[in-house]
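Shown next, in structure tokens, is the structure this report addresses.
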Ligand code: G4P
């Protein structure tokens, strides 16, 4: 969502959203954390675990249509080793979402049983979505509530001001997601968020950003990237990343007066094409890192 890209994360802002998430936590049984499958580290917020404490969590590796399938598998295994279910999903097409409800039920199995043991005949358990801006929270909520359609009717005993979606006969979802702030302390995090378009790049030096992106592409070039710019192996080894940026600009005829190469235009082109998936499916963070 365009508006989200403009969010400035001042300390006051973070405190406010943290408070909102904490208020939501009191009402729910499981947290659904949405992260970007291409950058699972940079798109998650390590503070979340401290905020949710012992509350169970399910992770959605969203935008898996744009991530490298082998890397996504590695992330699923990584989370499994840490006792967390992570589901690769594509909330734009809905792919992978059929596993969502069964997975939430699995996580909440003991809680359902405990409720039934207490004599509650038809227990309803609740969940809340959290994630950084642009990770796909609205897309997920639209998809999952379109499948089930109904918003929960106002009824006695339900806290006023909170709207719930019925996800299945025994699961409900808070309709307002918790917006997490990205963890910008590490410059690399901000850079990867900018690569994927999660934060606006016009506040950053786009050419420097492109040079750093090309550093990554030089070490893990995809066929699509090589073919798109008709690059040879030598083009990668003989040029540093700035020279490679110039070469790409030259190949696309991006010249300014005096025959110089317009590296700013070339940088913008690289990000447009990368975000559009023209360089193939690329994951920028692996569990080993
Ligand atoms: P938010 O609520 O967390 O801020 O994110 P939102 O759902 O608005 O999604 C941000 C952008 O990411 C949207 O693109 C959305 O379509 C896209 N998106 C969400 N999930 C997926 C996914 O699984 N795969 C892909 N490829 N894209 C996804 P947009 O540019 O704002 O709009 P549009 O391209 O849909 O027109």
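In the working numbering, the protein residues as written are 841 to 1129. All C-beta atoms in this analysis are idealised placements derived from N, C-alpha and C, irrespective of residue type, glycine included.
| Where DSSP assigns a beta bridge to residue 1008, which residues make up the other side? | Counted from its first residue, the chain shown places residue 1008 at position 168. According to DSSP, residue 1008 bridges with 1011.
| Are the region 1117-1127 and the region 1054-1067 touching by the rule of at least three beta carbon pairs closer than 8 Å? | yes
| request: For residue 853, collect the residues of the same chain with a Cβ closer than 6 Å to its Cβ; drop the 5 residues on either side in sequence, then sort them by chain order. | output: Counting from 1 along the chain shown, the entry for residue 853 is found at position 13. Counting only Cβ-Cβ distances below 6 Å, and skipping sequence neighbours, we find nothing.
| said: Going by the DSSP bridge assignment, what does residue 873 pair with across the sheet? | reply: Working through the chain shown from its first residue, we reach residue 873 at position 33. 899 and 970, per the DSSP bridge assignment.
| query | Any heavy atom of the ligand G4P within a distance shorter than 6 Å of the CB on residue 1032? | reply | Walking along the chain shown from the start, residue 1032 turns up at place 192. No, the beta carbon of residue 1032 sits no closer than 6 Å to any heavy atom of the ligand G4P.
| field | N- and C-terminal bounds of the beta strand (DSSP E) containing residue 907 | value | Taking the chain shown and counting its residues from 1, one reaches residue 907 at position 67. Counting along the chain, residue 907 falls outside any beta strand (DSSP E), and DSSP gives it neither H nor E.
| query | Excluding the five sequence neighbours on either side, which residues of its own chain have a C-beta within less than 6 Å of the C-beta of residue 882, listed in chain order? | reply | Within the chain shown, residue 882 is the residue found at index 42, counting from 1. 1029, 1032 and 1033.
| residue 967 and residue 870: beta carbons closer than 7 Å? | Taking the first residue of the chain shown as 1, we reach residue 967 at position 127. Taking the first residue of the chain shown as 1, we reach residue 870 at position 30. For residue 967 and residue 870, yes; Cβs fall inside 7 Å.
| Would you say residue 906 touches the ligand G4P, meaning its beta carbon is less than 6 Å from a heavy atom? | Taking the chain shown and counting its residues from 1, the one referred to as residue 906 is at position 66. Yes.
| field | residue 912 versus residue 1009 - alpha carbon distance | value | The sequence position of residue 912 within the chain shown is 72, counting from 1. The sequence position of residue 1009 within the chain shown is 169, counting from 1. Those two C-alpha atoms are separated by around 31 Å.
| request: Answer yes or no: the CB of residue 1112 versus the heavy atoms of the ligand G4P, is any distance below 6 Å? | output: As a working mapping, residue 1112 is identified with position 272 in the chain shown. Residue 1112: no, Cβ never under 6 Å from the ligand G4P.
| query | Across which residues does DSSP place residue 926 in a beta bridge pair? | reply | As a first step, residue 926 must be located in the chain shown, where it is residue number 86. Its beta-bridge partners are 899.
| request: May I ask which residues mark the beginning and end of the alpha helix (DSSP H) holding residue 1081? | output: One-based indexing of the chain shown puts residue 1081 at position 241. That run of the alpha helix (DSSP H) goes 1081-1091.
| field | C-alpha distance - residue 1106 paired with residue 1048, whole-angstrom precision | value | Translated into positions along the chain shown, residue 1106 becomes position 266. Translated into positions along the chain shown, residue 1048 becomes position 208. Rounded to the nearest whole angstrom, the CA to CA distance from residue 1106 to residue 1048 is 12 Å.
| said: I'd like the ranges of any alpha helix (DSSP H) spanning at least 4 consecutive residues and lying wholly in the region 1017-1047. | reply: 1027-1036
| task | Could you spell out where the alpha helix (DSSP H) holding residue 942 opens and where it closes? | result | As a working note, residue 942 is residue 102 in the chain shown. From DSSP, the alpha helix (DSSP H) with residue 942 extends over 940-957.
| Taking the alpha helix (DSSP H) that residue 788 falls in, what are its first and last residues? | Residue 788 cannot be examined here, being either before or after the span of the chain that is shown, 841 to 1129.
| said: Rounding to the nearest angstrom, what Cα-Cα distance links residue 897 and residue 969 in this structure? | reply: Stepping through the chain shown from its first residue, residue 897 is reached at position 57. Stepping through the chain shown from its first residue, residue 969 is reached at position 129. Residue 897 and residue 969: Cα-Cα distance of roughly 10 Å.
| query | Apart from the five residues just before and just after residue 1118, which ones in its own chain have a Cβ nearer than 7 Å to its Cβ? | reply | Locating residue 1118 in the chain shown gives position 278, counting from the first residue. Contacts found: 1064 and 1068.
| message | What does the Cβ neighbour count give for residue 1095, buried or exposed, with the cut at 16 atoms within 10 Å? | response | For this step, residue 1095 is matched to residue 255 along the chain shown. It counts as exposed.
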